[in-house]
Every structure is written in C-alpha cells, then in structure tokens.
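First the structure, in the form of structure tokens, and then the observations on it.
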Amino acid sequence: PGTCTCTTRGRGGGSRSVPARPAGRSACTSAASRPTTTATSATPAPTSPSMSSSGSYLRYLDYEVRYVRNFTDIDDKIIARANQLGEDPFSLSKRYSDDFLSDMAHLQCLPPSVEPRVSDHIDQIVTMIKQIIDNGCAYVVSGDVYFSVDNFPEYGKLSGRKLDDNRAGERVAVDDRKKNPADFALWKAAKDGEPWWDSPWGPGRPGWHIECSAMSAQYLGNSFDIHGGGEDLIFPHHENEIAQSRAACCDSSINYWVHNGFVNVNGH
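Read in order, the letters of the sequence shown correspond to residues 86 to 353 in my numbering.
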C-alpha cells in the first residue's frame, strides 16, 4: 500500500497532520456516525462525502476498506417528530432514510460495505450494556441504565473537557436520580406510546450513544482505524462512545477520529 496523512484534533482544539497507519497492511476499517432519520439530509450530508473521499483514496492506495454507516431509526428525536406528525416512528425513519440514500447516490458517495439499523441490533446493544454493568461502569435505576462517568477515568480525553465542566447533554433533561449530572442513559425504561423491547432491566429502548458502539463492534470489531462524523458530535456523542466501548472491552480503540465542519448558508 501507499502512504497518506490524516489530520488529527488535539485536546486544545488544534489540528495537525500525521502519517496514517492502518492496523493491517492491507485493510482499513472505518465507521461514520449515523444519520438520525428525522429530517432531510442537509445536516448529516457533509460527513458522507468526507468519508467517501477518504475511503476512495485509501482504496486507490490499495487498502481494502470496510466502511460502515449506520442508521438511527429510533431515539428521542425520532419519537418526538413522529408524534408531531402523527406518524409511526419506523415509517418516519424509513421515509427519511430513503431520501438520504437517494441524495447520497446523487452525490456519487462511496456506498458503505454495510448499513445497519439500530432496531435490528437490540440484542447486541443489550449484551454490551450487560458487559458495562458487569465491569462496574453502569448502574440501574427503576428500569433505566446509566453510564457512570466517575468510574471511567479517561472520560473527557477526546474533547479535552474536564469532568467538572461536563453537564447533561442538550438532548436529555437533567435527572436527579443520576449519581453525576454527566452520567448518560444506556437504556431507557418504556413509556406509553413509545416503541420498546425486552431487556434484563425491563421493557425499554436504547439510549442515544450505545447504539453506535454496539454496531461498530458488531461489524468492525472492538478496534478499528477511522471513525468520522460532524464536529458537533465530538462531545458528548463520540466522547460517550469511547467510554462505552472501552468499559465493555478494555482493548477497544480507534486509531483516528475525523470530524468535518458544517456548510453554512445565510447564517444557518
């Protein structure tokens, strides 16, 4: 294979170019953080061309690329949007994901090797949550399961945030049942009118972050080369992904994080 460089982000927010060294001489594995299927593809679209260009170049250098792009077809935002429209959440997700795939095809983006959906991987998600609990990094409260950031000393390494600076993410309300306000949901107890699945902690559904960790492990293994997404996902999403994956498997690692910026039009 040839050589290439990868721009990495430091703790202070700066970046630098370093030689990219995939884990295998002939293989490069990558994951792109998934579109949440609640709107048109305007928001997540920059990630796919970015990962597509990276994958195409690595293939040009004779690397074998396994590219995974997963879809979130159930979460808080999808449920809220579906209720607003009076539509079934899975019908809404299917409609928007079809539109997204059509847009990516028109942009001639590299198609993924596999494109899993959250709703098809509940068993893998439950298994990973059980591993995290068994390893002492999560706790159960009335059918909900929370990740304990205090029990994961490396928390904040990717984003450069100190634990004292972390607060509950903007997608979730503050919950006084948490041991630390920065603790985040791995599993949410079922609520009336919401989709749910059985689990050892009672009926419910996955939290926002655990979905990506479980599907990445399923299709790329515990460690892989490149993980990409929008810069808005550095914290809390990607920070939480690292914590979950390493809490479930201490050998889990990602060689390079690639974050794209946004295309702004008329101030938006």
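Ideal Cβ positions, reconstructed from N, Cα and C, are used throughout, including at glycine. None of the values given here were measured: they were computed from a predicted structure.
Can you grab the Cα-Cα spacing for the pair Arg262 / Ser198, in whole Å? Spanning the two alpha carbons is a distance of roughly 41 Å.
Asp161 and Val203: beta carbons closer than 8 Å? Against a cut-off of 8 Å, the Cβ pair of Val203 and Asp161 comes out as no contact.
Report the residue ranges of all alpha helix (DSSP H) runs contained in full by the segment 301-342; include only those spanning at least 4 residues, in chain order. List check, alpha helix (DSSP H) in window: 324-333.
Hey, would you say Gly313 sits closer than 8 Å to Thr114, going by beta carbons? For Gly313 and Thr114, no; Cβs fall outside 8 Å.
What is the DSSP secondary structure of Glu296, reduced to helix, strand or coil? Three-state DSSP puts Glu296 in a helix.
Contact check, Ala270 vs Ile210 under 8 Å by CB: the rounded distance? Incorrect: roughly 12 Å between the Cβ atoms, too far for contact.
Alpha carbons only, please: which of Met213, Phe232, Pro291 and Leu143 is nearest the one belonging to Asn265? It is Phe232 whose Cα lies nearest to the Cα of Asn265.
The segment 302-312 contacting the segment 272-284, beta-carbon criterion three pairs below 8 Å: Taking a cut-off of 8 Å for Cβ pairs, the segment 302-312 and the segment 272-284 do not touch, as fewer than three such pairs fall below it.
When you compare the CB positions of His206 and Gln303, do they come within less than 8 Å of one another, or not? Inclusion of His206 and Gln303 in the CB contact set at 8 Å is warranted, their separation being smaller than that value.
Pick from Asn345, Asn307, Ser338 and Ala332: whose alpha carbon is nearest that of Ile319? Among Asn345, Asn307, Ser338 and Ala332, the Cα nearest to that of Ile319 is on Asn345.
Backbone CA spacing between Asp194 and Ser139 [nearest angstrom]: According to the sequence provided, residue 194 is Cys. The question's Asp does not apply to it. Looking at the backbone, the Cα of Cys194 and that of Ser139 are separated by about 11 Å.
What is the DSSP secondary structure of Pro174, counted as helix, strand or coil? Taken through DSSP and simplified to helix, strand or coil, Pro174 comes out as helix.
Looking only at its chain, what residues have a beta carbon closer than 8 Å to the beta carbon of Phe175, apart from the 5 residues adjacent to it on each side? The answer, listed in chain order, is Asp158, Ile159, Ser204 and Pro280.
Do Glu316 and Leu243 come within 8 Å of each other at the CB atom, strictly closer than that value? With respect to Glu316, Leu243 sits apart: the two C-beta atoms are not nearer than 8 Å.
What residue from Val153, Ser137 and Asn340 has the CA that sits closest to Met189's CA? Comparing alpha-carbon positions, the option among Val153, Ser137 and Asn340 lying closest to Met189 turns out to be Ser137.
Which residues share a DSSP beta bridge with Asn345? In the DSSP assignment, Asn345 forms a beta bridge with Gly315.
Cβ distance (whole Å) where Ile295 is taken to contact Ile214 below 8 Å: Going by Cβ atoms, the distance from Ile295 to Ile214 rounds to 6 Å, so yes, they are a contact pair.
Give the range of the beta strand (DSSP E) segment to which Pro371 is assigned. As displayed, the chain neither begins before 86 nor continues past 353, which places residue 371 out of reach and without an answer.
Candidates Gly228, Arg331, Gly306 and Ala332: closest to Pro291 by CA position: Pro291 has its Cα closest to that of Gly228, out of Gly228, Arg331, Gly306 and Ala332.
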